[in-house]
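Have a look at the structure below, then the notes.
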Ligand SMILES: Cc1cc2nc3c(=O)[nH]c(=O)nc-3n(C[C@H](O)[C@H](O)[C@H](O)COP(=O)(O)OP(=O)(O)OC[C@H]3O[C@@H](n4cnc5c(N)ncnc54)[C@H](O)[C@@H]3O)c2cc1C
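In the numbering used here, the protein residues as written are 218 to 589.
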């Protein structure tokens, strides 16, 4: 029997070549359109989306019969790590690539796939996700935005909040209530809402870094064709939970502060053993986080484990911000890409589900601990 002497984490020549290509494209994107804080959520460059499409970097892992690249999931992780670690403007196509496209491939009708997937793959359409409401964030099942059937249409009324990209999006992937009967998680449906329909009103919200990427969205008697329903009416809670697994276990939860980490390391006083120790620990955490993401995308992680990946990786991003703030000192108080990253960092453990909720999921669904 062959003796196992250790695990080899080095990338194959093909993957190294992909990484180098992605790095070059990312660097050019930053040179042309600037470096963006948490770029998968805070940047929008139609021109760069087109480049990503031409490079085959959108829909890389989608099946070829749906126009995707049919590539292994690990390739998308490698590509995305290069993009996000230097802040390339990938945001315009990110939600569609990560979430909406796979949802249509799993639950959409052939007509929906034919209508929506090509625009996503070419980078020409931008999507937003309408989940959170003023009184329904962590407890998503309590959401109230309603879609009531009226002949061949749904009439939608209600309000969403924190909807990233709503002001730029062509479509909203709306999570709403089609029935109030039964337990709260029943009666929830997913419906595609074109953002230019009468009755859709978007009000951008300015955040702590003076960015207005997320918005309030008001729906007043918005009439949407019933064929825009995705999957089974009233059964979307399950679909949404699968999407959240995609959303929480990805490399985008780990890499956004890599830029400030690299900068902080380059100016840190490494003659101090405490600083050296801290840098080593953060690098170890980064690599552990990356292994957790690899396990997610290689489907080696147990069900629900993306909650652990999300909590660990986003808390790492905050530890990096904390370290960079101390190392940069006065530089962290000037208006630059580093200080905006520091100001923005608290949001990492909120978006996509808070760390408290991730710990509840780990305790409840992964470990089966008793409820108090
Ligand atoms: C940058 C950013 C982008 C976002 N983009 C989007 C988007 O595109 N689309 C979208 O739909 N939403 C988006 N969100 C919203 C995000 O999903 C919610 O903010 C998040 O789910 C938390 O919900 P909440 O803000 O209503 O907080 P609440 O649910 O009100 O929670 C408040 C506090 O109570 C704690 N808490 C609540 N319930 C429990 C519990 N059961 N056990 C322990 N602690 C609990 C929470 O951890 C938190 O600390 C975004 C948020 C941010 C910060």
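Cβ coordinates follow ideal geometry from the N, Cα and C atoms, glycine included.
Alpha-carbon to alpha-carbon, residue j and residue i
i	j	result
residue 475	residue 290	22 Å
residue 386	residue 411	9 Å
residue 262	residue 340	10 Å
residue 504	residue 498	10 Å
residue 572	residue 464	14 Å
residue 458	residue 495	36 Å
residue 469	residue 336	22 Å
residue 561	residue 534	11 Å
residue 441	residue 285	28 Å
residue 227	residue 358	43 Å
residue 389	residue 501	38 Å
residue 415	residue 353	25 Å
residue 293	residue 233	13 Å
residue 558	residue 300	16 Å
residue 399	residue 452	12 Å
residue 538	residue 478	8 Å
residue 438	residue 317	24 Å
residue 401	residue 244	46 Å
residue 248	residue 257	17 Å
residue 525	residue 269	30 Å
residue 587	residue 581	7 Å
residue 361	residue 450	16 Å
residue 392	residue 330	19 Å
residue 334	residue 237	28 Å
residue 492	residue 473	21 Å
residue 229	residue 424	42 Å
residue 356	residue 488	48 Å
residue 579	residue 368	43 Å
residue 545	residue 514	35 Å
residue 431	residue 377	11 Å
residue 327	residue 541	49 Å
residue 250	residue 536	28 Å
residue 272	residue 296	11 Å
residue 543	residue 575	28 Å
residue 555	residue 348	30 Å
residue 510	residue 375	35 Å
residue 405	residue 456	10 Å
residue 467	residue 521	13 Å
residue 280	residue 342	19 Å
residue 332	residue 282	15 Å
residue 553	residue 267	28 Å
residue 480	residue 512	29 Å
residue 304	residue 366	43 Å
residue 312	residue 484	35 Å
residue 519	residue 548	42 Å
residue 264	residue 583	42 Å
Neighbour-count burial assignment, residue i, 16 or more Cβ in a 10 Å radius
i	result
residue 259	buried
residue 508	exposed
residue 550	exposed
residue 241	exposed
residue 516	exposed
residue 531	buried
residue 235	buried
residue 323	exposed
residue 255	buried
residue 223	exposed
residue 407	buried
residue 394	buried
residue 381	buried
residue 444	exposed
residue 569	buried
residue 528	buried
residue 409	buried
residue 338	buried
residue 350	buried
residue 506	buried
residue 564	buried
residue 418	exposed
Beta-carbon separation (whole angstroms), residue i vs residue j, contact threshold 8 Å
i	j	result
residue 482	residue 325	Contact flag wrong, Cβ pair sits at about 45 Å.
residue 433	residue 523	Rounded, the Cβ-Cβ distance is 28 Å, inconsistent with contact.
residue 460	residue 310	About 17 Å separates the two Cβ atoms, so there is no contact after all.
residue 275	residue 314	5 Å
residue 364	residue 373	5 Å
Distance cut-off 7 Å: residue i Cβ against heavy atoms of ligand 3
i	result
residue 385	As far as ligands go, the structure on display features ligand 1 and does not contain ligand 3.
Q) Quick one: complete beta strand (DSSP E) runs, 3+ long, within the region 315 to 360? A) 344 to 347
Q: For the region 422 to 480, list the alpha helix (DSSP H) runs that are entirely contained and at least 4 residues long, ordered along the chain.
A: Listed in chain order, they are 453 to 465.
(Q) At 4 residues or longer, what runs of the alpha helix (DSSP H) sit wholly inside the region 507 to 560? (A) 523 to 545
**Q.** Within the region 261 to 285, ranges of the alpha helix (DSSP H) (whole runs, at least 4 residues)
**A.** You should have 263 to 271.
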